[in-house]
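These notes are about the structure you will find just below.
In full-length UniProt numbering, the protein residues as written are 1 to 672.
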């Protein structure tokens with residue numbers, strides 16, 4: 001019998017009363033009575049201290065927590081709940097059959113993140129909590145995501161028992177402490193040790209350790225190890241730049257994820273090499289379907305004309321347990337299958353065949369060379385403008401880069417359609433020159449290939465001083481503009497004008513095709529404007545450069561068809577900077593950079609004495625000068641005319657036309 005129990009003291013008092021009635025007042029009963037009085041006084045002091053400590057403990061938890069309940073399990077009573085709780089929790093029926101279970105069921109079903117739901121329900125079930133307490137084990141606690149103000153935050157949820165020594169009650173104190181910022185930092189540190197910084201797939205070391213860990217457990221189904229190696233990827237970096245290549249690698253990783261959503265492990269283990277470790281309940285048939293799908297998704301073309309790169313994937317597959325029971329065995333088998341794919345056709349996949357024997361040193365490429373990756377994934381998300389600038393700055397193919405950038409922007413901001421409209425050179429029509437569409441959005445590129453510029457005249461007044469045309473709801477547009485916009489099946493849009501020397505040349509657009517009244521944030525508007533400006537700048541530069549090339553080609557074509565031997569010479573070095581078709585036909589070995597006197601006047605080591613350039617230099621006021629010259633080697637008498645020419649940045653360049661007058665001189669001599 002415990003003397004620290006009020007009920008037991010009452011029993012002692014009853015026994016003492018019986019003794020008084022039976023024996024009267026004796027020394028023994030008097031002494032026993034005094035002892036009971038001392039016990040009662042001590043018990044009262046203990047009760048006061050316990051209640052003070054319990055109240056202090058409760059206050060400490062209340063002060064340190066965001067949510068608090070106190071539940072008397074024995075009497076099924078809600079002793080305390082913090083003010084300001086959500087209605088779903090504050091309205092828990094206090095006469096419920098089981099307040100604790102009702103409370104936690106409500107929390108789990110209403111506030112807990114789906115990925116944490118099952119563990120939360122199991123850990124905080126009343127049976128589990130009581131079992132832990134009775135076994136003297138640590139009470140349950142869990143880091144869990146809980147819904148607050150329409151977003152999930154990390155909290156530590158815990159149940160702390162307070163077994164009352166006064167009344168033999170089991171009191172459970174439930175609290176949740178906000179650890180969101182701390183948890184995010186902790187998860188980020190873990191992510192950095194496990195993830196590839198560019199693609200956010202598992203890195204090589206974690207991929208290996210995770211697969212090895214899976215293989216140590218008893219497996220009751222088929223597992224497959226797939227090594228994916230990209231064909232011709234090095235040409236992407238070479239022709240289009242490393243930043244462009246980084247963006248392609250990110251796209252590849254997303255496509256692998258989309259096909260193997262349920263895979264146990266997806267990792268990047270080399271520059272352009274990936275690993276998938278997956279179980280297939282339906283055995284090989286479901287895997288073959290996924291491999292065929294992935295092969296199609298990863299087959300892409302980048303660049304144009306001679307610089308076009310055909311990207312595809314070669315894959316090798318091994319199976320557990322047939323081809324091995326440890327990673328080293330499975331990896332070597334998959335690498336052998338990959339080798340067959342690479343050697344035979346590329347753009348294919350092969351399952352390991354044990355009848356094929358050859359030596360293979362390792363089953364993974366060397367570690368990833370991060371020095372070629374300009375940005376980490378977190379950098380790209382935080383500074384997408386600089387990332388896009390880098391792609392455009394490095395690339396040799398602006399048009400291909402722009403197509404990729406539209407995709408990056410669309411996916412990053414979850415935009416349905418991203419596009420560019422440009423005016424023609426004569427400004428008679430406007431056409432949709434670039435477009436990227438998100439899943440489920442119909443492309444308009446071929447529909448709006450050529451639209452009369454008159455239809456777009458109504459557009460220009462709606463662009464503000466910053467070049468922005470913002471429409472949150474197309475139904476607010478005036479009828480003529482609404483009619484034009486409705487053809488594109490959009491709900492709202494942002495458009496930024498492209499201007500060249502103050503003249504409107506088109507616009508970059510971002511469409512929302514499904515949501516009514518999309519809330520375009522200030523941050524989105526600001527970043528999309530910066531992106532539009534940089535894309536427009538590079539596009540105008542590329543158009544200008546192409547127009548210049550076109551002009552040069554026309555001029556070269558004209559000079560090639562002139563009936564004279566025409567060449568351009570640097571006035572100081574006498575090196576050839578241009579030769580036309582007629583000279584290339586006469587002197588096949590002639591090339592840019594040769595000395596004119598050495599090539600055209602075969603074997604001379606110094607400028608001709610009667611050089612027309614010398615004559616022109618002497619006569620400062622003349623723009624051209626002519627002289628008759630006889631070419632001993634080619635037996636030609638020519639009228640050589642030199643004129644000063646602006647040639648790129650070289651101000652001292654002369655164009656020389658040599659007209660063959662040999663036959664005219666012969667005819668003249670015969671007449672004489």
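Where a beta carbon is used, it is the ideal one built from N, C-alpha and C, also for glycine. Remember, predicted model here, so these are calculated numbers, not experimental data.
Leaving out five residues before and five after residue i in sequence, what residues of the same chain have Cβ atoms less than 6 Å from its Cβ?
{"i": "residue 467", "result": "496 and 497"}
{"i": "residue 657", "result": "564, 566 and 641"}
{"i": "residue 228", "result": "274, 313 and 315"}
{"i": "residue 612", "result": "625, 627, 640 and 642"}
{"i": "residue 580", "result": "559, 560 and 566"}
{"i": "residue 607", "result": "574 and 597"}
{"i": "residue 169", "result": "72 and 74"}
Between residue i and residue j, is the Cβ-Cβ spacing less than 8 Å?
{"i": "residue 404", "j": "residue 418", "result": "no"}
{"i": "residue 636", "j": "residue 645", "result": "no"}
{"i": "residue 346", "j": "residue 231", "result": "yes"}
{"i": "residue 633", "j": "residue 601", "result": "yes"}
{"i": "residue 171", "j": "residue 256", "result": "no"}
{"i": "residue 318", "j": "residue 225", "result": "yes"}
{"i": "residue 677", "j": "residue 128", "result": "Outside the displayed span of the chain (1 to 672) sits residue 677, for which this structure offers no information."}
{"i": "residue 241", "j": "residue 395", "result": "yes"}
{"i": "residue 216", "j": "residue 279", "result": "no"}
{"i": "residue 111", "j": "residue 79", "result": "no"}
{"i": "residue 304", "j": "residue 423", "result": "no"}
{"i": "residue 499", "j": "residue 416", "result": "no"}
{"i": "residue 291", "j": "residue 300", "result": "no"}
{"i": "residue 349", "j": "residue 284", "result": "no"}
{"i": "residue 253", "j": "residue 187", "result": "no"}
{"i": "residue 108", "j": "residue 121", "result": "yes"}
{"i": "residue 219", "j": "residue 352", "result": "no"}
Rounded to whole angstroms, what is the Cα-Cα separation between residue i and residue j?
{"i": "residue 661", "j": "residue 553", "result": "28 Å"}
{"i": "residue 61", "j": "residue 119", "result": "In this prediction, residue 61 has a pLDDT of 49, which is less than 50 and means its spatial position is unreliable; nothing more can be read from the coordinates."}
{"i": "residue 759", "j": "residue 194", "result": "The question about residue 759 has no answer, for the chain in this structure spans 1 to 672."}
{"i": "residue 293", "j": "residue 259", "result": "7 Å"}
{"i": "residue 136", "j": "residue 210", "result": "34 Å"}
{"i": "residue 160", "j": "residue 494", "result": "54 Å"}
{"i": "residue 586", "j": "residue 428", "result": "45 Å"}
{"i": "residue 526", "j": "residue 435", "result": "21 Å"}
{"i": "residue 653", "j": "residue 408", "result": "46 Å"}
{"i": "residue 393", "j": "residue 529", "result": "18 Å"}
{"i": "residue 63", "j": "residue 151", "result": "Confidence is the limiting factor: at residue 63 the pLDDT is only 49, short of 50, which leaves the residue's position unreliable, though a coordinate-based value still follows. Rounded to the nearest angstrom, the two C-alpha atoms are 23 Å apart."}
{"i": "residue 538", "j": "residue 532", "result": "10 Å"}
{"i": "residue 402", "j": "residue 501", "result": "22 Å"}
{"i": "residue 616", "j": "residue 571", "result": "11 Å"}
{"i": "residue 584", "j": "residue 556", "result": "13 Å"}
{"i": "residue 523", "j": "residue 413", "result": "11 Å"}
{"i": "residue 471", "j": "residue 287", "result": "46 Å"}
{"i": "residue 77", "j": "residue 115", "result": "31 Å"}
{"i": "residue 35", "j": "residue 174", "result": "41 Å"}
{"i": "residue 334", "j": "residue 196", "result": "22 Å"}
{"i": "residue 520", "j": "residue 74", "result": "54 Å"}
{"i": "residue 331", "j": "residue 342", "result": "16 Å"}
Take residue i as the anchor and find which of the options has the nearest alpha-carbon.
{"i": "residue 69", "options": "162, 132, 35 and 122", "result": "162"}
{"i": "residue 313", "options": "663, 272, 487 and 556", "result": "272"}
{"i": "residue 628", "options": "639, 389 and 482", "result": "639"}
{"i": "residue 574", "options": "100, 596, 239 and 580", "result": "596"}
{"i": "residue 261", "options": "186, 124 and 276", "result": "276"}
{"i": "residue 540", "options": "507, 108, 606 and 449", "result": "507"}
{"i": "residue 355", "options": "323, 328 and 349", "result": "323"}
{"i": "residue 445", "options": "421, 464 and 455", "result": "421"}
{"i": "residue 454", "options": "480, 341, 442 and 469", "result": "480"}
{"i": "residue 569", "options": "390, 534 and 614", "result": "614"}
{"i": "residue 485", "options": "158, 448, 289 and 503", "result": "448"}
Hey, is residue i close to the ligand HEM, as in C-beta under 7 Å from one of its heavy atoms?
{"i": "residue 274", "result": "This structure lacks the ligand HEM, and indeed carries no ligand of any kind."}
Give me, in chain order, the residues of the same chain whose beta-carbon lies closer than 8 Å to that of residue i; leave out the 5 immediate sequence neighbours on both sides.
{"i": "residue 665", "result": "637"}
{"i": "residue 179", "result": "143, 154, 155 and 156"}
{"i": "residue 473", "result": "491, 492, 516 and 517"}
{"i": "residue 132", "result": "138, 139 and 140"}
{"i": "residue 594", "result": "575 and 576"}
{"i": "residue 184", "result": "154"}
Can you confirm whether residue i, when its beta carbon is compared against all beta carbons of chain B, has any partner nearer than 8 Å?
{"i": "residue 448", "result": "Absent here is chain B; the protein component of the structure consists of one chain."}
Among the residues of its own chain, which have a CB less than 7 Å from the CB of residue i, if the five just before and after it don't count?
{"i": "residue 307", "result": "239, 396 and 397"}
{"i": "residue 410", "result": "418, 436 and 438"}
Pair every Cβ in the stretch 202-221 with every Cβ in the stretch 236-249, then say whether three or more of these pairs are closer than 8 Å.
no
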